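In this note's numbering, the protein residues as written are 2 to 76.
Have a look at the structure below, then the notes.
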Ligand code: FES
């Protein structure tokens, strides 16, 4: 599936860039890691979602107050 039409980037390329560059802190960093640049920006929310999906579970645990009774979904 194409994620970024302007740069012809698909989801596998974006996933690979995120896996290989864990320090990427913003969606535009994916473009830089893949040797291109953000153009129209319509892909940025999708890339941001892909980044959110990769955040370590420990962050979710550390960020959720224990006394709120929140259960983490394991999918
Ligand atoms: S769709 Fe990615 S910059 Fe336009």
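Idealized CB from N, CA, C, for every residue including glycine.
Nothing here was measured: the structure is a model prediction, and the numbers come from that model.
**Q.** residue 35 (DSSP reduced to helix, strand or coil)
**A.** coil
Q | Candidates 28, 46, 54, of which the one nearest residue 38 by Cα | A | 28
Q. With C-beta atoms as the reference, is residue 35 less than 8 Å away from residue 10?
A. yes
(Q) Rounding to the nearest angstrom, what Cα-Cα distance links residue 16 and residue 47 in this structure? (A) 11 Å
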